[in-house]
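Everything below concerns the one structure shown next.
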Amino acid sequence: MFFKQYSSLLLTVSLLQPLMAIGQDEDELASFFGDEEFISIATGIAQPLSKAPAVASVITAKEIMQIGAMDIDDILETVPGLHVSRNIGYAPIYSFRGIHTTTNPQVLMLINGIPLTNLFHGDRNLAWGGMPVEAISRIEIIRGPGSAIYGADAFAGVINIMTKTSPEVSGTSVGLRYGASNSKNFWLQTGGSVDGLGYMAIIEGRKTDGSSEKIASDSQSILDLLSSANASLAPGSINLEGEALDIRAELTYDKITFHAGSQIRKNSGLGAGIAQALDPSGQVASKRYNADLNYDNYNFTQNIGIKATVSYLQTSQEVDDDFILLPPGSTGSPFNPFPYPDGIIGNPEVYERHYRGDFISTFRGIDRHELMAGVGYYFGEIYKVKEEKNFGIDPATGLPIFGSPLVDVSDTPYAFLNENERENSHIFIQDVWHLADDWELTSGLRFDHYSDFGDTANPRIALVWSARHNLTVKALYGEAFRAPSFAETGEQANPAFLGNPNLEPETLKSYELAFNYKPTYDLTLDLNLFQYYWKDIIQFTPDIGGTRTAQNAGEQEGHGIELEASWQVNDYLSVLSNYSWQKSEDEQNNADAANAPEQQFYIRANTSLPGGWNMTLQANRVMGRNRAFDDPRQDIDDYTTVDFTLRKSFLTDQLELSLITKNIFNDDAREPSPNGQPVPAITNDLPLARRRIYGEIRYRL
Amino acid sequence: MIYQRTYSLLVALLLLGPIFLPCNALSSGLLIIYPSVKAPYNKIYKDIIKGIDKNYEGITKQLELMPDNSDQVLTERIEQYQPEVLVTLGRHSLKKVCDLKSPIPIVAGAITKTDEAISGISMIPDPEIILSHLLTIAPFVTRVYIVADTDRHIQLERADTYLKQQGKILQTEVVTSIQQAADKYLKIINSASVNDAIWLMRGASLNDPSILMLVLEAAWKKKIVVFSSNPTHVKRGALFSVYPDNEKMGGALAEIAQQENQSHTARNTGLVPLRNLHLVVNKRTSKHLGITPNNISGLNIHRLL
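Protein chains in written order, with the working numbering: chain A, 8 to 708; chain B, 4 to 308.
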């Protein structure tokens with residue numbers, strides 16, 4: 008016994024010595040390269056952060072690991088001024104600074120600079136199905152408009168996801184995660200270089216039964232009250248099951264980079280149901296493929312840099328299992344006495360293609376100026392629309408369809424949408440003028456021509472003042488536009504919502520004042536003040552005949568502040584916190600703007616201990632979400648979620664085991680369900696998942 | 004006849020001889036020995052090795068020393084490969100190899116100093132390169148101040164010689180404590196003008212963040228150029244710094260190894276300062292000083308922070 012104890016002590020001491028010697032090597036390297044962060048930049052593993060004159064947050068792969076993020080939404084929720092809400096299908100609504108709509112087309116999401124925007128709803132696809140995080144190198148989030156650079160939809164905010172590069176992946180590794188709701192995740196990644204050709208590939212798979220939180224009442228509950236049916240499945244569980252496969256690949260050679268990716272979603276549940284009536288069996292699918300080829304040469308000549316990109320994106324929204332809009336036994340209307348035995352079924356499918364070409368040049372030949380100019384062309388089309396349904400009018404007979412069988416109404420005026428296309432060309436110019444030693448003025452203008460709704464020009468101006476060695480002040484003005492989606496311009500044969508081909512783009516004007524202060528090397532403080540005017544908001548407004556048609560009707564003004572602090576307490580502990588406050592007014596109705604939180608508070612503490620231990624505790628509080636002016640419900644409750652992540656690495660980081668817990672105090676967090684007339688269909692809002700626990704293993708081969 | 008047969012057998016044996024040698028033996032090859040370190044540090048060694056591989060005219064093999072490897076692993080591998088030259092990266096590998104007392108010449112890289120009789124490249128940047136960057140970026144500088152620890156005389160001499168050649172002045176203050184360093188920096192800042200520059204040389208005194216903050220804050224107010232041997236200082240407001248170009252450093256190590264190999268005996272020329280360096284510039288500070296990056300012509304700025 009004594010020998011056993013003694014021998015383990017001896018073993019520890021003898022192992023410690025070489026470990027310490029190697030630790031000295033690391034310290035010595037660090038002293039010549041600076042800190043670990045700089046080593047990553049210097050060796051090309053990480054890219055330096057871009058210093059665009061905007062209010063931006065950057066979240067790196069390291070932080071993504073620390074917080075135990077499993078989906079991009081876990082990361083985005085930590086950003087001040089941004090709240091990730093949910094629509095009835097539980098697709099994310101990225102609610103920036105009070106700009107909150109159901110389909111959320113006011114946010115531009117990019118992967119490696121290429122937009123993911125779909126033409127149908129202007130969002131990221133109805134069957135979004137989340138986005139896993141292993142392939143993400145960093146995410147840059149710009150709050151406020153960016154149309155002067157990015158064009159359409161860089162409106163309330165821009166989310167630019169940069170995927171990992173070959174040096175960043177370097178080698179082969181695998182990972183597995185299992186946890187709550189029978190969620191299984193795996194990933195496999197490999198990267199390296201051969202004769203100057205860098206390669207990287209990441210495959211991520213996921214299968215989950217999804218959160219099975221219950222809702223108390225749905226739209227069929229109201230119909231049941233108004234008719235004599237008893238068809239509603241409420242109270243019942245939402246359906247968030249699904250399977251996903253994501254692939255990201257990159258090839259680089261000299262100044263050329265090629266990316267390819269796919270996001271496959273299948274057997275995905277419809278959340279609280281397409282028509283706000285529980286649908287436990289309906290399943291949506293989506294196939295998305297993208298590829299882009301880039302040539303980037305900053306030193307094309309001594310003073311000229313060029314960047315050229317061509318890209319392709321193909322997306323689909325498909326039906327895996329019939330969408331049951333209203334459950335079996337529903338009559339579909341209080342005035343119809345005949346129930347539909349299979350329920351009311353509508354299976355809309357949309358297929359899109361997007362082509363882009365961009366050319367950007369920088370010019371550094373004029374003293375105190377950095378000029379950038381670019382041209383670009385876009386062609387996008389909904390090339391196929393399919394719909395089957397068991398209600399409405401049968402195009403073959405002109406008579407009403409009653410229940411079964413399903414009738415294919417594709418390519419007829421009775422389908423929900425027509426195939427359609429859009430062309431857009433743009434030109435932009437930007438000048439960074441170093442007007443005095445500590446003053447820099449960035450001015451830019453982008454002109455866009457659209458084949459369907461005409462022209463728009465969007466400027467931005469940013470004045471940056473290096474007030475002190477540790478204080479920078481930025482004053483920003485920007486304008487933005489949001490292109491109407493094809494659903495908004497062309498929706499048809501829908502009993503409730505109709506498109507309007509005469510829509511104009513939504514517009515936004517925004518003023519910001521941002522302070523960045525570093526009182527010590529370990530503490531950074533940021534304060535942002537903003538005000539925006541959002542006009543020509545596209546809303547479905549009531550018609551005389553009971554339908555609603557898309558109109559440029561709404562108007563909203565908002566202002567607020569965001570405070571951020573990032574503190575490296577010592578070598579082991581760091582703390583990050585932010586607080587956001589916004590007040591937005593629905594000008595049309597002289598009421599508080601609905602659904603977006605007026606206040607958010609976030610705090611995270613990370614401790615990294617010797618021996619490969621890493622712990623992160625984070626708390627997120629969402630406060631002050633108002634109801635719409637005509638919503639009879641009380642304001643939705645505030646909520647707080649607390650998450651804890653514990654990681655331990657072994658064998659020089661070759662093996663890592665983790666425990667990830669989400670919402671550890673089991674808070675009843677809810678996102679607002681849509682308002683409705685005469686009453687909201689889902690009265691008690693959309694419940695989010697309660698406490699979840701996951702175990703994870705990573706192994707580097 | 005018998006004689007003829009014996010002769011042809013001999014010729015055959017001579018021709019086949021190499022086949023009977025240990026199968027992995029390196030003819031005029033080198034063995035790179037480096038420690039297993041965690042990411043991202045391992046990328047530094049990998050890049051150096053890449054540079055060696057590219058530039059060494061002969062076979063190269065690698066041995067990654069794991070923390071739990073016994074000395075026997077190293078001995079066995081050297082016996083197996085029979086290299087002409089050993090290249091060690093880092094202090095740990097060098098110590099392990101020196102302990103073997105092997106007659107094979109050693110070329111050391113990725114270390115700062117050693118008492119061993121070897122050839123190699125130090126990680127300490129060549130003052131000449133740093134100062135030539137300074138004079139390109141800020142040609143108006145006429146005097147450079149250094150507050151240095153006592154053991155920096157070799158670098159200081161090299162810096163002094165170079166500046167004299169350029170018609171500039173080096174003013175050195177040697178200190179033995181942080182308090183002394185703080186006093187000297189205060190004195191320098193009070194008397195410095197826009198034609199002066201302060202070089203934050205690696206040393207114990209700069210491990211104190213309050214001194215760094217004091218220097219950078221005062222220098223910002225008086226528009227004095229501050230440059231540093233530590234790239235992290237650039238993020239904190241120093242005008243520029245340098246850091247090793249790992250692949251090129253590997254190339255230079257390969258060149259030394261080649262010379263060792265050709266001379267057949269260990270030349271033990273000692274460590275030469277590192278000349279393969281990348282430049283990193285703080286854009287905000289350079290603009291504050293009226294130096295726009297467009298003006299820094301002829302320099303390949305590797306990173307702008």
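We put the beta carbon where it would ideally sit given N, CA and C, even for glycine.
All figures in this text were calculated on a predicted structure; none of them were measured in a lab.
Tell me the DSSP bridge mates of residue i?
| i | result |
| --- | --- |
| A:PRO502 | In DSSP, A:PRO502 forms no bridge with anything. |
| A:ILE66 | A:ILE146 |
| A:ASP349 | In the DSSP output, where bridge partners are listed per residue, A:ASP349 has none listed. |
| A:ILE700 | A:THR668 |
| A:MET2 | Lying outside 8 to 708, the shown extent of chain A, residue 2 of chain A is not represented and no answer is given. |
| A:ALA469 | A:THR449 and A:LEU483 |
| B:MET246 | The residue you asked about is not Met; residue 246 of chain B is Tyr in the sequence shown. According to DSSP, B:TYR246 bridges with B:HIS281. |
| A:SER244 | A:LYS221 |
| A:GLN309 | Per DSSP, none; premise fails for A:GLN309. |
| B:LYS309 | The question about residue 309 of chain B has no answer, for chain B in this structure spans 4 to 308. |
| A:ALA267 | A:ALA256 and A:ALA298 |
| A:SER6 | A query on residue 6 of chain A cannot be resolved here, the shown segment of chain A reaching from 8 to 708 and no further. |
Could you give the DSSP three-state label for residue i: helix, strand or coil?
| i | result |
| --- | --- |
| A:HIS107 | coil |
| A:VAL181 | strand |
| A:PRO174 | helix |
| B:PRO25 | Residue confidence is low: B:PRO25 scores 41 on pLDDT, short of 50, so the model does not pin down where it sits. Its coordinate-derived value is still stated next. B:PRO25 falls in the coil class under three-state DSSP. |
| A:GLN563 | strand |
| A:THR404 | coil |
| A:TRP194 | strand |
| A:LEU232 | helix |
| A:ASN691 | coil |
| B:GLN265 | helix |
| A:GLU495 | helix |
| B:TYR84 | helix |
| A:ARG272 | strand |
| A:PHE330 | coil |
| A:PHE39 | helix |
| A:ASP7 | With chain A represented from 8 up to 708, any question about residue 7 of chain A goes unanswered, as that position is not in the structure. |
| B:HIS234 | The question names His, yet the displayed sequence has Pro at residue 234 of chain B. If DSSP states are grouped into helix, strand and coil, B:PRO234 belongs with coil. |
Can we count residue i as close to the ligand SAM, meaning its CB is less than 6 Å from some heavy atom?
| i | result |
| --- | --- |
| A:PHE435 | Although the ligand SAM was asked about, the structure shown includes no ligands whatsoever. |
In its own chain, which residues sit with a C-beta less than 8 Å from the C-beta of residue i, not counting the 5 before and 5 after it?
| i | result |
| --- | --- |
| A:LEU233 | PRO341 |
| A:SER269 | LEU252, ASP253, ILE254, LYS294, ARG295, TYR296 and ASN297 |
| B:LEU103 | ASP74, LEU77, THR78 and ILE81 |
| A:LEU616 | TYR579 and MET622 |
| A:LEU311 | Residue identity differs from the one stated: residue 311 of chain A is Ile in this sequence, not Leu. Excluding sequence neighbours, A:ILE311 sits near SER368, THR369, PHE370, ARG371 and GLY372. |
Grab me the residues of residue i's own chain with a C-beta within less than 7 Å of its C-beta, minus the 5 sequence neighbours each way, in chain order.
| i | result |
| --- | --- |
| B:TYR59 | LEU33, ALA257, ALA260 and GLN261 |
| A:PRO4 | One cannot answer for residue 4 of chain A here, as it falls past the ends of chain A, which runs 8 to 708. |
| A:THR556 | LEU505, ASN507, PHE547, THR548 and ASP550 |
Spatial neighbours of residue i within its chain, please: C-beta separation below 6 Å, excluding the five flanking residues on both sides.
| i | result |
| --- | --- |
| A:LYS191 | TYR185 and LYS214 |
| A:GLU562 | LYS542, GLU594 and GLN595 |
| A:GLU248 | ASP216, GLY217 and GLY276 |
| A:ALA612 | VAL582 and LEU624 |
| A:ASP130 | THR110, ASN111 and PRO112 |
| B:VAL275 | ILE124 |
| A:ALA474 | VAL480 |
Using a Cβ distance threshold of 8 Å, determine whether the region 144-152 of chain A contacts the region 575-586 of chain A, with at least three qualifying pairs required.
no
Quick check for students: name the residue ranges of the alpha helix (DSSP H) that lie wholly in the region 86-156 of chain B, counting only runs of 4 or more.
94-102 and 130-140
Evaluate the contact criterion for the region 501-520 of chain A versus the region 537-557 of chain A: three or more CB pairs, one atom per stretch, below 8 Å.
yes
Between the region 559-571 of chain A and the region 529-537 of chain A, do at least 3 Cβ pairs fall closer than 8 Å?
yes
Between the region 428-437 of chain A and the region 371-391 of chain A, do at least 3 Cβ pairs fall closer than 8 Å?
yes
Contact between the region 396-416 of chain A and the region 481-499 of chain A is defined here as three or more beta-carbon pairs at a separation below 8 Å; is this criterion met?
no
Residue ranges of each beta strand (DSSP E) within the region 586-642 of chain A, 3 or longer
604-616 and 620-632
Assess, as a yes-or-no matter, whether the region 194-209 of chain A is touched by the region 85-101 of chain A under the definition of 3 or more beta carbon pairs within less than 8 Å.
no
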